[in-house]
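Asker: Have a look at this one before I ask anything.
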Amino acid sequence: MTRKAPREDVGDEHLEIRAPKNWAGGVPAVGHALGTAYRQMGAGRTVLTLLRVNQKSGFDCPGCAWPEGDGHRSPAEFCENGAKAVAEEATVRRVTRDFFAEHPVDELARRSDYWLGQQGRLTEPMYKPAGSDHYEPISWEDAFGVVARELRALDHPGQAVFYTSGRTSNEAAFAYQLLVRRFGTNNLPDCSNMCHESSGSALTETLGIGKGTVLLEDLHRADLVFVVGQNPGTNHPRMLTALERAKRNGARIVAVNPLPEAGLMRFRNPQRPSGLAGSGTALSDRFLQIRLGGDLALFQALSLLLLEAEDAAPGTVVDRDFVEAHTHGFDVWEKHVRGLDWTEVLEATGLTRAEIEETARDVLAARSVVVCWAMGLTQHRKSVPTIREVVNFLLLRGNVGRPGAGVCPVRGHSNVQGDRTMGIYEKPKPEFLDALEKEFGFPPPREHGHDTVEAIRAMRDGEARVFFAMGGNFVSATPDTAATEAALRRCRLTVQVSTKLNRSHVVCGEQALILPTLGRTERDVQAGGEQFVTVEDSMGAVHASRGRLRPASDALLSEVAIVCRLARELLGDDPHVPWAEFEAGYDAIRERIQRVVPGFDDFNARVRRPGGFLLPNAPRDERRFPTATGKANFTVNPLEVLRVPPGRLLLQTVRSHDQYNTTIYGLNDRYRGIANGRRVVFVHPDDLAERGLADGDMLDLISEWPDGERVAEGFRAVAYPTARGCCAAYFPETNVLVPLDSVAETSNTPTSKSVVVRLRRAARERG
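Sequential numbering of the sequence shown, starting at 1, is according to full-length UniProt numbering.
Following this line, the structure appears as structure tokens:
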């Protein structure tokens, strides 16, 4: 069987290929940010909105979860992509009932994510009845009635799936998981399942907490920073400011990536005169252009070299005091690493032994080391072992739980970490469920629910019949596009709580609801007065977020209000949860959070302090590791070289610079030299030549699996200096190539960064 991705209305007839950049930021970043904001919001609204982004009395950027720190904040505390995210939400464009009357669902399903997103803010609840191809207006009361009716009609609660994106506030997330568990299921998949689940799995096992162990100040104080499988210039631009400060404080930076990324070469900080008029700051001292999937081998090899350096000068390399007092499993791990085969290391990494040895000398010269990573590490079959090996490397020299050192998984959505803290998890810990039961007086379900991949399978197989999404763009975020779309279309009802139109609204069940909600930028006024919400950044700081703009429509409800009103419709007069009180004032929710979730004592008072507060982090704060052994665990992770058949390449899916997660802001990737298009595949010139192909050829990308081929058609070949044997293309266009069954061990995360593909000339060129 051959599966193909749907062709969208973004062609390549205007595509332009230019030279890639070797620096990021500067005047162009300012110009593009302000230009996008002006087009979406107008001049006055742009100034009013952007000056409140990430301020202590303002609202949290709906983009990434990078922290602001406790010190002085710039009046412009946002990056280019943050400005785009705010502009998309605060846009003056509107999607009204007339739009849906004009455009049937079948037509909208043929539109691109970019086109759909550019239509503007949703303004009122819309309902697609069974048998209809049009959305039509529906009252909130009737909309909640539809959801409650379909949920009650299920044979059991496990036939419903409740998805969450990372934008949801702490208050909405806590109320949402409470509703779902009150209904009777743990089917709470979220976007973490597709990105940093591998980080959480590995860190929980090795360090006892599924989060990072560093603060922003630790990056500033580090002697050596590894940035692995990550492109901060596009995905977390404010991180570049932290790396610049680290460099100015004397740190060395090692970039580990198959692609050269402009932001890790040189940063022109637009908030510094030297960034606007000068050459900026060179960031990476060393670029290791690693082969996809080779990171485990790299960190094992670095650890072996450190052990050999300890042999040569006993007592000078390994932190024996730390290892003996705080770790478990060192001897078994050491024996394993000393048997490492250098031939396999070099094949797996694509690096030379000299490159790895020179990097080891950087490590030996550093007193404190931070390793940062993102989805380039988390979306491989061996992602969890790889991250465990990163932890081994840091534990060896005591680089966890002290200033300037630790693990730093850099997460995406602004509250994806907070959602998990609030209980958005399909495999909740017994301690959390015990606290929930004690506080609310009902027995929550104990059986584990579906993660994202399992949820798609359940819908595909008819085992789940209602899908409810609290934000996000499920269709475009998930793997195996054809399978995911077929799964959703098989549902009796799909519900999307959203601010803007996306593909998940038009690939829907027999019945479908769009429930429009407030954005971060907007005032949230309830019966108890004006409200604020809270979020947790990627380093465990919790702070308030207050919107100031008038809502895009008087018909919008907040996420909290949507959850609470649905709960009252579904559960009736609930003796366990005061849903009306929760909706009226969010302080009531925070009072319950503080009694259920550790670290939130005196929540309402502490979060009202400027900048909020830090959650406790045992490895960071106490050098205490709440693992099964009571210590930080060294783990044995066998090296398996990822070998591909002759003529094939390893594909990684990536974002463009005009993109944040599945939201497409534009059709340019300025740093990689792409303009006016997205259907491109980056391939090393020598790999193209070996296949008889050339720069500019039109290609189809084909992945081969036991159940058949998957095809993404019509991609322009771009000769690019990626690692040999590897290639890259944008998602969601290439999600079709990743089957549901290709997942990371332990975490079940889709393997979107290591897809074996072959390239063939596109049909129009073959013909």
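Yeah, the Cβ is synthetic: ideal placement off N, Cα and C, and Gly gets one too.
Per DSSP, residue 163 forms a beta bridge with which residues?
Answerer: Looking at the DSSP assignment, residue 163 forms a beta bridge with 469.
Asker: Where in the region 104-170 do unbroken runs of the beta strand (DSSP E), each at least 3 residues long, occur, reported from the N-terminal end onward?
Answerer: Runs found: 126-128 and 160-164.
Asker: Can you tell me the Cα-Cα spacing of residue 334 and residue 637, whole angstroms?
Answerer: The straight-line gap from Cα to Cα measures roughly 11 angstroms.
Asker: Which residues does DSSP pair with residue 55 in a beta bridge?
Answerer: Beta-bridge pairing links residue 55 to no other residue.
Asker: For the region 412-422 against the region 164-177, do three or more pairs of beta-carbon atoms, one drawn from each stretch, fall closer than 8 angstroms, so that the two count as touching?
Answerer: Touching, yes.
Asker: Find the nearest neighbour of residue 65 within the set 96, 235, 152 and 105, judged by alpha-carbon distance.
Answerer: Comparing Cα-Cα distances from residue 65 to each of 96, 235, 152 and 105, the minimum goes to 235.
Asker: I'd like to know if the region 727-734 and the region 670-681 are in contact, where contact means that at least 3 CB-CB pairs between them fall below 8 angstroms.
Answerer: Result yes; three or more Cβ-Cβ pairs closer than 8 angstroms.
Asker: Give the range of the alpha helix (DSSP H) segment to which residue 418 is assigned.
Answerer: First-last of the alpha helix (DSSP H) with residue 418: 416-421.
Asker: Our contact map puts residue 304 next to residue 317 with C-beta atoms below 8 angstroms; I'd like the distance itself, whole angstroms only.
Answerer: Contact doesn't hold; Cβ gap of about 12 angstroms is too wide.
Asker: Can you tell which of 178, 600, 372 and 454 has its C-alpha closest to the C-alpha of residue 445?
Answerer: Out of 178, 600, 372 and 454, 178 has the C-alpha closest to the C-alpha of residue 445.
Asker: Pull up the DSSP beta-bridge partners for residue 545, would you.
Answerer: DSSP output for residue 545 lists 533 as bridge partner(s).
Asker: Let me check understanding here. Comparing Cα to Cα, which of 672, 469 and 16 lies closest to residue 231?
Answerer: Minimum Cα distance to residue 231 is reached at 672.
Asker: Between the C-alpha atoms of residue 186 and residue 108, what's the straight-line distance to the nearest angstrom?
Answerer: If you take the alpha carbons of residue 186 and residue 108, they lie about 33 angstroms apart.
Asker: Are there three or more Cβ pairs, one per stretch, closer than 8 angstroms when the region 90-108 is compared with the region 566-579?
Answerer: With the cut-off at 8 angstroms, the region 90-108 and the region 566-579 do not touch.
Asker: Exposed or buried, residue 44, counting other C-beta atoms within 10 Å across all chains shown (16 or more means buried)?
Answerer: Residue 44 should be labelled exposed.
Asker: Between the Cα of residue 694 and those of 762, 200 and 452, spot the shortest distance and give me the residue it belongs to.
Answerer: Comparing Cα positions, the closest option is 762.
Asker: Would you report the Cα separation of residue 35 and residue 28, rounded to the nearest angstrom?
Answerer: Using only the alpha carbons, I get a separation of about 10 angstroms.
Asker: Whether or not the region 53-69 and the region 285-302 are in contact is what I'm after, with contact meaning three or more pairs of Cβ atoms, one per stretch, closer than 8 angstroms; do they touch?
Answerer: Judged by Cβ distances under 8 angstroms, the region 285-302 makes no contact with the region 53-69, as fewer than three pairs qualify.
Asker: Taking the CB atoms as reference points, tell me whether residue 281 and residue 244 lie closer together than 8 angstroms.
Answerer: Yes, the Cβ-Cβ distance between residue 281 and residue 244 is below 8 angstroms.
Asker: Terminal residues of the continuous beta strand (DSSP E) containing residue 717?
Answerer: Where residue 717 is concerned, the enclosing beta strand (DSSP E) stretches over 708-719.
Asker: Taking the CB atoms as reference points, tell me whether residue 469 and residue 496 lie closer together than 8 angstroms.
Answerer: Yes, they are a contact pair.
Asker: By the DSSP assignment, the beta strand (DSSP E) with residue 253 in it spans what residues?
Answerer: Looking at the DSSP string, the run of the beta strand (DSSP E) that includes residue 253 is 252-256.
Asker: Give a yes or no on whether the C-beta atoms belonging to residue 105 and residue 78 are separated by under 8 angstroms.
Answerer: Going by C-beta atoms, residue 105 is not nearer than 8 angstroms to residue 78.
Asker: Which class does residue 306 belong to by DSSP, given the choice of helix, strand or coil?
Answerer: Helix, per DSSP.
Asker: Run through DSSP, which three-state label would residue 759 get?
Answerer: Residue state, collapsed to three classes: strand.
Asker: Runs of 3 residues minimum, wholly inside the region 220-246: which ones carry the beta strand (DSSP E) assignment?
Answerer: DSSP runs (the beta strand (DSSP E)) wholly in the region 220-246: 224-228.
Asker: Which runs of the alpha helix (DSSP H) spanning at least 4 residues fall entirely within the region 552-638, listed in chain order?
Answerer: Listed in chain order, the complete alpha helix (DSSP H) runs (minimum 4 residues) inside the region 552-638 are 559-571, 579-584, 587-596, 603-606 and 618-622.
Asker: Considering only the alpha carbon of each residue, which of 524, 644 and 543 lies closest to residue 550?
Answerer: Of 524, 644 and 543, the residue nearest in Cα terms is 524.
Asker: Name the residue from 287, 625, 526 and 252 whose alpha carbon lies nearest to the alpha carbon of residue 365.
Answerer: Selected option, being the one with the closest Cα: 252.
Asker: Enumerate, from N- to C-terminal direction, the unbroken beta strand (DSSP E) stretches of 3 or more residues contained entirely within the UniProt domain "Molybdopterin dinucleotide-binding" (649-755).
Answerer: Listed in chain order, they are 649-654, 680-683, 698-705, 708-719 and 726-730.
Asker: Using alpha carbons as the reference points, say which of 484, 587, 247 and 554 lies closest to residue 560.
Answerer: Out of 484, 587, 247 and 554, 587 has the C-alpha closest to the C-alpha of residue 560.
Asker: Does the Cβ of residue 284 have 16 or more other Cβ atoms within 10 Å, making it buried, or fewer, making it exposed?
Answerer: It is buried - the Cβ of residue 284 has at least 16 other Cβ atoms within 10 Å.
Asker: Quick check on the burial criterion: 16 or more other C-beta atoms within 10 angstroms. Buried or exposed for residue 332?
Answerer: Its Cβ having fewer than 16 others within 10 Å, residue 332 is exposed.
Asker: Considering Cα atoms alone, identify which of 622, 651, 67 and 488 is closest to residue 723.
Answerer: Selected option, being the one with the closest Cα: 651.
Asker: Which partner residues does residue 267 have in the DSSP bridge list?
Answerer: For residue 267, which the question treats as bridged, DSSP gives the partners 24 and 281.
Asker: How many Å lie between residue 716 and residue 484 at the Cα?
Answerer: When rounded, the distance between both Cα atoms is 26 angstroms.
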